[in-house]
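What follows is a short report on a single structure.
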């Protein structure tokens, strides 16, 4: 969401002005930036470009769109590529090619992105144990989920939880 170059920092996308402001404050004082974010009730926002772009692009191809829908409907189950391909009416090879052509990533990587997106949402908006969240999004244990969150989103379950609401409720609900 931010681009840094010597002497210049720019921002794009909705709410990017907040990202830019916090980035500049964070350069001077990470503690002040975190404190200000808490007072303003602004969550830490790692890049979401991979999710938004992939989900948007997926809708441009019927096979990829069907695969995305199938993955979302089967989040808590092990990912079996042959089963997914059959469900969307394609061979595994055709599914691989379609996802690669549209998104530039493998179907497995796309499915992991969808799972991580849902896991991050659950960690932010519920008090479910990380182990439970991991199982709900198709991972056998919390350590796998934690590793992927760290690698892909640069965050941890604890960071995502800061400010989580009680189980089953979402922010802004009354």
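In my numbering, the protein residues as written are 10 to 183. Note that CB positions come from ideal geometry on N, CA and C, so glycine has one too.
Asked, Found
"DSSP state of residue 83, grouped into three classes?", "coil"
"Indicate whether residue 170 and residue 85 have their beta-carbon atoms separated by less than 8 Å.", "no"
"Buried or exposed for residue 91, please, with buried defined as at least 16 other CB atoms from any protein chain shown within 10 angstroms of its CB.", "exposed"
"Check the C-beta distance from residue 73 over to residue 112 and give it rounded, since I have them as a contact under 8 Å.", "7 Å"
"Count the other C-beta atoms from every protein chain shown that fall within 10 angstroms of the C-beta of residue 152, then say buried if there are 16 or more, exposed otherwise.", "exposed"
"Who does residue 14 pair with in a DSSP beta bridge?", "17"
"Could you have a look at residue 71 and say whether DSSP puts it in helix, strand or coil?", "helix"
"Which residues in the same chain as residue 104 place their Cβ atom closer than 8 Å to its Cβ, once the five residues preceding and following it in sequence are excluded?", "72, 76, 90, 93, 94, 97 and 116"
"Might you give, ordered along the chain, the residues of its own chain that have their beta carbon closer than 6 Å to the beta carbon of residue 181, omitting 5 neighbours on each side?", "Model confidence at residue 181 stands at a pLDDT of 42, short of 50, so the residue's coordinates are unreliable and nothing is read from them."
"I'd like to know whether the C-beta atoms of residue 125 and residue 161 end up nearer to each other than 8 Å.", "yes"
"Given residue 18, which residues of its chain have a CB within under 8 Å of its CB, disregarding the five upstream and five downstream residues?", "11, 12, 29, 32 and 33"
"Taking Cβ positions, are residue 88 and residue 120 nearer each other than 8 Å?", "yes"
"For residue 142, count the other beta carbons within 10 Å of its own beta carbon; 16 or more makes it buried, fewer makes it exposed. Which is it?", "buried"
"How many Å lie between residue 156 and residue 36 at the Cα?", "27 Å"
"Can you check whether the C-beta of residue 141 is within less than 8 Å of a C-beta belonging to chain D?", "Although the question refers to chain D, the structure presented lacks it and comprises just one protein chain."
"Who are the Cβ neighbours of residue 61 in its own chain at under 7 Å, not counting the five residues just before and after it?", "Summary for residue 61: the model assigns pLDDT 47, below 50, so the residue's position carries little reliability; its value from the coordinates is reported in the next sentence. Here the set comprises nothing."
"If you count every other CB in all the chains shown that lies within 10 Å of the CB of residue 40, and 16 or more means buried, which is it?", "exposed"
"Whose CA, out of 123, 158, 166 and 148, lies closest to the CA of residue 136?", "166"
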